[in-house]
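Worksheet for the structure shown next.
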């Protein structure tokens, strides 16, 4: 029954039922009262996505039919309606399942509605149809075993390779024939683009044009496949599928500083032509296969390329943690299964897959495969942190002493911030170390919230030169401010609570800039020491102990600046041995800097500095002590010249060199293994509705292989290795089909299946199923070699056809699905940028290592990335080496259709917007590169405009200009010069399209 | 830097396209536009250019949308969701059972609103004294008091509100709308974003990204920093300015090259499309300075939006800009109020530490411009077919956090809207007595999105895009048009 036929008879039924009960009941408005209740509470399990217990209430027919427990509703009689008993919690299972009970009002409306006949104005889901039987579906082609089809035997001398035979057979069947071959310039430009993502150089072009030998093309193919540029081009494809990025994403888009090693691993794997089965096994379980091989460990970066919500992790809510963990596991399952098997298993997270034979249970079995995998940095160097620390500890101690000696000789002041950092006052301490003002304990955890602050209690600090800390509040009895019991009358009525710890800071780099920007400090404060003390904190230093450290010094004064940002008032004080030396309340301006200078007596013992909220109770204002120092002087200057300062300096430089030469610990962002956590079947995908525990396993369609890998006690490695083995097993038809299709897609611009990550029923079917299977078979016979497969394709006559238009062929196959010509392709954002650099001669071919960063990184709670123009060699690397932030996509590349790395991107899309021409016409990068291109042309061609035009055309389009073009260009060039000429070449259609 | 090849042909004082068009935009130039773009087509009259929908599923009540996103989580209990019970129970422990888990910990005591509520307008809507200007607009507005979100974490909840998913990387509502409907004015992007000049809210620019939709549907960000070009790369940077005659001749040269290329590629529509993109770019250069130049607005309008006061100037500019863009037929304009999270004092509505202080600071900048936007659209007759919606990622708890703050509340919050076929004066849904959980008509952003699409004439189940195995929708598998909100 189709819905289109329903309304008429339903309307009659409705009329009848409504009429019959009209006198007894108050009218019920289905659309406004009932429909929202049913949709929000029932439909999820009973109609929309899945139908539990056979009960589907998306249509009235389904509602009346009921489910496996029998009739749910008796129209006109709510009392005997099973549904009412369930929602009133009179019977089990209480409905709505897993949700709060409906309000009495809602239940009353449902009852009234049932009593009035339970009429529907419309189905709950627009267009829903009730069907009694599930249609028996055709078997899914992609899950069928790979046949080994014979290469078509065809009477034609056109085919040069088996690929050609398959293609021409299909062309002929459809009354089509292949196009004439492309000329050599077109061919080399096409091939270099496909294999390298770059234009051919003048030299390469010339060489190929001149090479008359019959294997000229094959040698070109071999040379391009052997070049490291190949790996850089093809790794980009895999990184699209793996949704690789260099930051976390979500609210706190923090850096993943070691993620790039995975990117390099992919480039290297393509360049080495790593067999694809091994490539997959390493990425899923490399650390299990060989934990001692750094490359194997790095490979598992594949599992953790997805986004990471640090803010969810930092929340105190366990529910939020559970939900986010489920998202993380979902990302791993999705990444692995779409990339390798082209199966959209993530569709089965909340219900059975609607189109493909993937059950919700199988989804959770796959989830269980990754239950032991966490995100994190793994040590890949010989030394771990502990070993490194052991090696450098003695060096650091010596450096500390020598630095202190130099500082003393130079009369440098002692930095109090450095003392908080457990140093000796001369910069030897640990930056960012902090003291919890509630407990006096040292902490690395800078928490904004400090619950349970107790004011006016003095806490000792376990640092050599810090006496203690406290949280000041009003008291006329005096608050203890030293360990010896000195008290201070506090007149300011503070919040009595505080935020954040007392931190020792050093302002440099981005951190420093950010810090300075926050406090509106000028550049003179760069490389300053700082103690951050948001309101309501006090700290006391023990000058006597500091003098013990430096017995040859005495102290003369305490100096520094206080900087603040406030929405109300703040206050600061300096107290020496209980005597108030300086104090200020500021409530007349939102920010500023105040200088402090307090004289110290040679016998002073305790120096206390404190901040308050100035009585406005706002502890969220910010206060920082900048360069708080005590000035020392030698007690007996002459005696301390035993060692000339130059000797100290030499010692220091030697020590620092040795320190720098100790090999650093190296990390990779990769899978960090744990004991697998239990994985439960989640009803509707809801982490708060766990059901039975799941064993690791996979989709059950390879008849010869078990779909359950083990029981819940299986180890992490065994789980992942089992999945990897299952994926690359010769009986699994998907993995090979998916990969050869991807290769076809990247070579020809469109896959045999044009949904390369979806081999399910929602995806496309293959245009050439036999060819796909033949390639899949060949792939395994070739030892899973990607390069051999690519060579197979690019050596074909199909690939070497021209791209010319043919009206007759267009009439039959306008979309060129049968490949009667070669597709014209648009360069991707990366290829455009790389080609511009290559033409200008500025391309920096440095391979590997941390990505280039053409942005200013503001390191804050939610980091910011401010992009700037790339105009130096270190930024002119190939685009695959860019540091890719997740939330802040590169604006230039994004306009040129570069996809967002949050998505798995099997196919690049191309659009035409007004912003793209603007980017290529006006972006400073393109203009500067136009200038370099102009310089290069002038350098290589001299003053002759014809020579310039000829060379520019050959470089940009890999062909000679026509007479008409030379004339046009000559006129333009003479009036406007090379810069403008080059700028327009970068904008030309022919530049971004490859024939 | 050696710019010699650029400098060669640049005289010391010349007129650039930028100078020229900004002069025109300021109303001081007397040159007819047509002389500059003699060959470019006139602005299209076709109201649905570039969208995928062949026809609308319903008659459209709204032709364009202004979406004001209030970042950080505006407190519903201190603004619109009036709960007398909170005064009675003020100071009592909120959670006697000790089982409630909020984002930042366990709830504190019940905290009454920090501002007094009064009824306003003909409809008698309760609004607190925090928002005196918006309170004067209530008869034009509709409220949903029963908003719920799937996440109480900013990043996820902001993604959800903007894209329908808590995960990053899905297309924004504005991208879906322009994907479906295209643009009314071919000379301007169909989806324009006006970020808060103080910074970008959690999740960043992908909140207005195209996700897996083609990139042309992504939001185009208007630069709100003073002195900046309104649109990225609209003109060459000043340091590399190009004289207008050279620019014109360059484009002619490019056209000639492209024509030869096109002759060799007959029947290739993509190549033709790229040629027309260059024409579109030229038109955008013409229209963007004019559309974004608010200097020509009257003094009374500027005062209305609060441009005369430092506290309202920033958001006032954003709102006035939004109105100008809508006036010129931009399909979807998104205005952001509130920036990222970081150390206090915060620059968004995330009042964890001190709700009173935080919201007072935010509201003073927000209230008057927001109200001015509604009133100004109304007085120009634009409100009739322009839908203005105000949303926030979640609300706040009616329990105190650490004494003076309020925590995140994803289970009950308020959003409001006006114009574009919305029935004025409607109050939809209800939260419980403490505004802690929604008790009547729980409304996810799916329902809101479905309703927005419906007002634009689109059936939300029929605007789809295939991606990795799924016919994706803005509303995922959810969404229910809120008929009560439709006029």
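Protein chains in written order, with our numbering: chain A, 171 to 1165; chain B, 18 to 504. Ideal Cβ positions, reconstructed from N, Cα and C, are used throughout, including at glycine.
Residue closest to residue 819(A), alpha-carbon to alpha-carbon, out of 575(A), 677(A), 946(A): 575(A)
Terminal residues of the beta strand (DSSP E) in which residue 440(B) lies: Element bounds for residue 440(B): n/a, residue is neither H nor E.
Proximity below 8 Å, CB of residue 369(B) to CB of residue 422(B): yes
Proximal chain A residues relative to residue 527(B), where beta-carbon distance stays under 9 Å: Summary: the structure shown does not reach residue 527(B), with chain B confined to residues 18 through 504, and so no result is reported for it.
Listed by chain order, chain A residues near residue 466(B) by CB distance under 8 Å: Near residue 466(B) there are no residues of chain A at all, since even the closest Cβ is about 14 Å away, more than 8 Å.
Close Cβ partners of residue 400(A) (< 7 Å) along its chain, the five nearest in sequence each way excluded: 365, 366, 394, 440, 441
Chain B contact residues for residue 1134(A), given Cβ-Cβ distances below 8 Å: 277
Three-state secondary structure (DSSP) of residue 56(B): Low local confidence applies: a pLDDT of 33 at residue 56(B) is under 50, so the model's placement there is unreliable, with the coordinate-based value given in what follows. Of the three classes helix, strand and coil, the one that applies to residue 56(B) here is coil, per DSSP.
Residue of 554(A), 342(A), 436(A) minimising C-alpha distance to residue 326(A): 342(A)
Under 8 Å from the C-beta of residue 273(A): neighbouring residues of chain B: 456, 457
Cβ shell of residue 626(A) (< 6 Å), same chain only, five flanking positions each side left out: 643, 645, 649
Short CB-CB distance (under 8 Å) between residue 319(B) and chain A: no
Identity of the residue in 884(A), 822(A), 340(A), 272(A) nearest residue 845(A) by Cα: 884(A)
Inside the stretch 474-548 of chain A only - alpha helix (DSSP H) runs reaching at least 4 residues: 480-484, 488-511, 530-539
Residue 274(B) at chain A interface by Cβ criterion, 8 Å: yes
Local conformation of residue 980(A) per DSSP, three classes: helix
For residue 1163(A), three-class secondary structure by DSSP: strand
Interface flag, residue 930(A) vs chain B, CB-CB below 8 Å: yes
Residue 998(A): contacting residues in chain B (beta-carbon distance under 8 Å): Within chain B, no residue comes near residue 998(A); the closest Cβ sits about 11 Å away, beyond 8 Å.
Three-state secondary structure (DSSP) of residue 180(B): helix
Test: residue 1171(A) CB closer than 8 Å to a CB of chain B: Residue 1171(A) lies beyond the residue range present for chain A, which begins at 171 and ends at 1165; the question has no answer from this structure.
Neighbour flag for residue 1114(A) against chain C, beta carbons, 8 Å: In the structure shown, chain C cannot be found, because the protein chains are A and B.
At least 3 beta-carbon pairs within less than 8 Å: the stretch 952-968 of chain A vs the stretch 329-336 of chain A: yes
Cβ neighbour criterion (16 or more within 10 Å) applied to residue 913(A): buried
Inter-stretch contact (C-beta, 8 Å, three-pair minimum) for the stretch 446-456 of chain A and the stretch 893-910 of chain A: yes
As assigned by DSSP and simplified to three states, the class of residue 1026(A): strand
Identity of the residue in 424(B), 108(B), 405(B) nearest residue 412(B) by Cα: 424(B)
Exposure of residue 309(A), with buried meaning 16 or more beta-carbon neighbours within 10 Å: exposed
Chain A within 8 Å of residue 241(B), Cβ atoms only: no
Minimum length 3: unbroken beta strand (DSSP E) runs contained in the stretch 187-229 of chain B: 208-211
Residue environment, residue 382(A), which counts as buried when at least 16 other CB atoms sit within 10 Å: exposed
Segment limits, alpha helix (DSSP H) that includes residue 778(A): First-last for residue 778(A): 776-782, but that is the beta strand (DSSP E), not the alpha helix (DSSP H).
Check whether residue 467(A) and residue 519(A) have beta carbons under 8 Å apart: no
C-beta atoms of residue 162(B) and residue 436(B) nearer than 8 Å: no
Within 8 Å, strictly: CB atoms of residue 125(B) and residue 417(B): yes
Test: residue 175(A) CB closer than 8 Å to a CB of chain B: Note that residue 175(A) scores a pLDDT of 40, beneath 50, so its modelled location is shaky; the value from the coordinates is reported in the next line. Taking Cβ atoms only, chain B never reaches closer than 8 Å to residue 175(A), which makes this a no.
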